[in-house]
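Undergrad: Numbering follows the numbering used here, in which position 15 of the sequence shown is assigned residue number 43; successive positions increment by one, without gaps.
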Amino acid sequence: MSLDANDPADTRPTDPLLPERDAAWDADRAALRARIAAAVGDARPHPIARHTLALLVEAQLAHAPVPADGSHAHDGSVDEALAAMRSRHPDLFLPPEPEPAPAVVEPAVAAKAPGPSMLSSLAPSPARLAAMTERGRALATAARSRLLTMGAAARTRLSRERPARVSPEAASAEPPSVAAAMAASTEVSPPAMSAPAPAVPPVSLPLADRSRRRGAGDLSVRAADRGRRTWYGLRDGLGDAVGPGGSLRRPSAVMALAAVACAGLLVVLLRGDGDRPSPAPAAAPSVQTPAAEAPPAAAQTPPASQPPSASARPQAAPPDDEPAPDDAPMQADVVPQAGEITGPAEVVDTATLKIGGRVVRLFGVAFVRGGQTEELTRYLGKRSVTCRPVAGSEAHLCAVDGRDLSEVVLFNGGGRASPEATPDLVAAEDRARTERLGVWAR
Numbered sequence: 029m030s031l032d033a034n035d036p037a038d039t040r041p042t043d044p045l046l047p048e049r050d051a052a053w054d055a056d057r058a059a060l061r062a063r064i065a066a067a068v069g070d071a072r073p074h075p076i077a078r079h080t081l082a083l084l085v086e087a088q089l090a091h092a093p094v095p096a097d098g099s100h101a102h103d104g105s106v107d108e109a110l111a112a113m114r115s116r117h118p119d120l121f122l123p124p125e126p127e128p129a130p131a132v133v134e135p136a137v138a139a140k141a142p143g144p145s146m147l148s149s150l151a152p153s154p155a156r157l158a159a160m161t162e163r164g165r166a167l168a169t170a171a172r173s174r175l176l177t178m179g180a181a182a183r184t185r186l187s188r189e190r191p192a193r194v195s196p197e198a199a200s201a202e203p204p205s206v207a208a209a210m211a212a213s214t215e216v217s218p219p220a221m222s223a224p225a226p227a228v229p230p231v232s233l234p235l236a237d238r239s240r241r242r243g244a245g246d247l248s249v250r251a252a253d254r255g256r257r258t259w260y261g262l263r264d265g266l267g268d269a270v271g272p273g274g275s276l277r278r279p280s281a282v283m284a285l286a287a288v289a290c291a292g293l294l295v296v297l298l299r300g301d302g303d304r305p306s307p308a309p310a311a312a313p314s315v316q317t318p319a320a321e322a323p324p325a326a327a328q329t330p331p332a333s334q335p336p337s338a339s340a341r342p343q344a345a346p347p348d349d350e351p352a353p354d355d356a357p358m359q360a361d362v363v364p365q366a367g368e369i370t371g372p373a374e375v376v377d378t379a380t381l382k383i384g385g386r387v388v389r390l391f392g393v394a395f396v397r398g399g400q401t402e403e404l405t406r407y408l409g410k411r412s413v414t415c416r417p418v419a420g421s422e423a424h425l426c427a428v429d430g431r432d433l434s435e436v437v438l439f440n441g442g443g444r445a446s447p448e449a450t451p452d453l454v455a456a457e458d459r460a461r462t463e464r465l466g467v468w469a470r
């Protein structure tokens with residue numbers, strides 16, 4: 029038999045406060061469920077296990093003893109229940125979040141643009157800067173001295189190899205000195221000119237003629253060079269005045285310029301005549317003497333069967349010991365340079381000579397122990413050595429018979445090339461090193 033509360037036959041007593049207690053219970057349960065849901069959400073459960081965890085916690089708290097104050101649950105009980113669930117069922121919860129990496133704070137200096145302090149730290153120190161400056165200055169000085177030495181060697185080689193230039197006019201024209209000599213011989217001995225022409229020795233005249241033509245050619249070349257230098261000086265001095273828009277486009281200015289050029293050319297020609305060598309008086313007797321002796325030779329011509337006498341042979345050929353007319357013009361052109369040292373040399377070592385009491389160091393050669401001093405002494409012998417100073421260096425350029433003595437020493441392994449040596453000297457040293465000559469034989 030079932031009992032129903034609405035059954036009128038049910039005679040049990042009813043509690044009038046029961047509905048109020050039920051309403052209070054429902055309100056507490058709703059608040060408990062809200063706290064459980066919030067606590068479960070903070071515990072990072074799996075999304076599909078959220079409702080399951082809430083029911084498990086609620087069921088655990090429903091069987092908990094009721095506190096003395098009449099409350100059904102506390103927040104501490106909810107947290108304890110979640111902790112128990114995490115220890116029992118860890119798979120229902122998400123793994124803990126990894127700890128964030130510590131933020132790296134870049135220094136403030138790295139974010140800023142490089143300032144003067146950073147630039148000063150990157151700049152070289154004053155001592156290093158001074159050393160670099162000194163080294164650059166030394167390299168520049170060495171390069172300058174090497175260029176000057178190469179230029180001096182090139183000029184020496186060109187002056188040694190360049191032949192004497194003779195103008196066609198000077199070569200074709202008969203020198204006035206020879207004509208004067210012939211006129212003098214005519215005035216002194218008229219009967220000699222009436223003699224037959226073959227009686228005059230034909231060999232002595234070409235020698236004198238050649239020497240005078242060479243002198244005339246040198247004078248013409250020097251006069252042309254001076255005239256050219258004068259014209260270049262006038263042109264450089266006037267500048268742009270002679271240009272298309274210059275002030276010398278007027279006829280009067282052109283005539284004045286032509287007059288100045290003619291005056292300069294006249295001065296150059298007069299100065300060239302003053303520089304003319306004078307071997308003509310010495311050559312006149314050499315022409316006159318055979319002319320005076322020619323009539324007896326012609327008058328005493330031996331028959332064809334008779335051999336020529338010994339006295340007639342010197343008249344038919346020029347003397348061998350008379351090179352003065354041929355050498356006189358060449359000696360007039362030789363002008364010693366300032367600081368030049370010439371004479372027999374005494375060998376101190378393969379890089380040092382002693383000429384006339386002065387110690388001379390060969391340019392581009394560094395002495396090495398074991399150098400061939402005796403061989404250099406035998407090579408020089410009694411020959412004259414000519415040494416010229418080198419600009420920017422204490423050494424000298426020495427030559428023997430037109431041959432660079434420094435190149436000879438390095439070519440035969442008599443020493444090493446110094447830092448100021450030219451490329452030609454370095455090449456000579458390389459050849460000696462390759463052939464293992466001299467100091468390179470060790």
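C-beta: ideal position from N, C-alpha, C; glycine also.
Is it true that the CB of Leu-438 sits closer than 8 Å to the CB of Phe-391?
TA: Against a cut-off of 8 Å, the Cβ pair of Leu-438 and Phe-391 comes out as no contact.
Undergrad: Quick one: what does DSSP say Ala-65 is sitting in, helix, strand or coil?
TA: helix
Undergrad: Under 8 Å, do Glu-448 and Arg-416 count as touching if we go by C-beta distance?
TA: no
Undergrad: Do Ala-67 and Leu-110 have their C-beta atoms closer together than 8 Å?
TA: yes
Undergrad: Could you pull out every residue in the same chain whose Cβ sits closer than 7 Å to the Cβ of Val-463, ignoring the five residues on either side in sequence?
TA: One point to set straight first is that residue 463 is Glu, not Val, in the sequence displayed. Nothing listed; no residue qualifies.
Undergrad: Closest to Val-396 by CA distance: which of Arg-444, Met-113, Ala-55 is it?
TA: The shortest Cα separation from Val-396 among Arg-444, Met-113, Ala-55 belongs to Arg-444.
Undergrad: Who are Pro-372's beta bridge partners in DSSP?
TA: Ser-412
Undergrad: Since Cys-426 sits in a beta bridge, which residues does DSSP pair it with?
TA: Cys-415
Undergrad: In the DSSP assignment, find the unbroken alpha helix (DSSP H) run with Arg-16 in it and report its ends.
TA: No information on residue 16 is available, as it lies outside the stretch 29 to 470 that the chain covers here.
Undergrad: Measuring straight from C-alpha to C-alpha, what distance separates Val-418 and Glu-374?
TA: 21 Å
Undergrad: Terminal residues of the continuous beta strand (DSSP E) containing Val-437?
TA: Here Val-437 belongs to no beta strand (DSSP E); instead the alpha helix (DSSP H) covers 433 to 439.
Undergrad: Just confirm the distance between the C-beta atoms of Leu-81 and Pro-73, as a whole number of angstroms; I'd bet it's less than 8 Å.
TA: 5 Å
Undergrad: Ordered along the chain, which non-local residues of its own chain (more than five positions away) have a Cβ less than 7 Å from that of Leu-404?
TA: The beta carbon of Leu-404 is closer than 7 Å to those of Val-375, Thr-378, Val-437, Gly-442 in its chain, skipping five residues each way along the sequence.
Undergrad: For Leu-390, name the three-state secondary structure that DSSP assigns.
TA: strand
Undergrad: Given a cut-off of 8 Å, decide if Ala-456 and Glu-435 are closer than it, judged by their beta-carbon atoms.
TA: yes
Undergrad: Compute the Euclidean distance between the alpha carbons of Leu-453 and Ala-158, then round it to the nearest angstrom.
TA: Going by C-alpha positions, Leu-453 is about 32 Å away from Ala-158.
Undergrad: Between the alpha carbons of Ala-472 and Glu-86, how many angstroms are there, rounded?
TA: Summary: the structure shown does not reach residue 472, with the chain confined to residues 29 through 470, and so no result is reported for it.
Undergrad: Tell me which same chain residues have a C-beta within less than 7 Å of the C-beta of Glu-422, skipping the five on either side of it?
TA: Arg-389
Undergrad: Determine whether the beta carbon atoms of Gly-466 and Ser-173 lie at a separation below 8 Å.
TA: no
Undergrad: From what residue to what residue does the alpha helix (DSSP H) around Thr-378 run?
TA: No alpha helix (DSSP H) holds Thr-378; DSSP gives it neither H nor E.
Undergrad: Given that a residue counts as buried once 16 or more other Cβ atoms are within 10 Å of its Cβ, and exposed if not, what is Val-538?
TA: In the structure as shown, the chain starts at 29 and stops at 470, and residue 538 therefore has no counterpart that could be examined.
Undergrad: Taking all protein chains shown into account, decide if Pro-364 is buried (16 or more other Cβ within 10 angstroms of its Cβ) or exposed.
TA: With a pLDDT of only 48 at Pro-364, under 50, the local geometry of the prediction cannot be trusted, and no value is derived from it.
Undergrad: Have a look at Asp-107, Gly-399, Thr-370 and flag the residue whose alpha-carbon is nearest the alpha-carbon of Arg-411.
TA: Thr-370
Undergrad: Between Asn-440, Tyr-407, Gly-430, which has its C-alpha nearest Ala-181's C-alpha?
TA: Gly-430
Undergrad: Helix, strand or coil: which one does DSSP assign to Arg-183?
TA: helix
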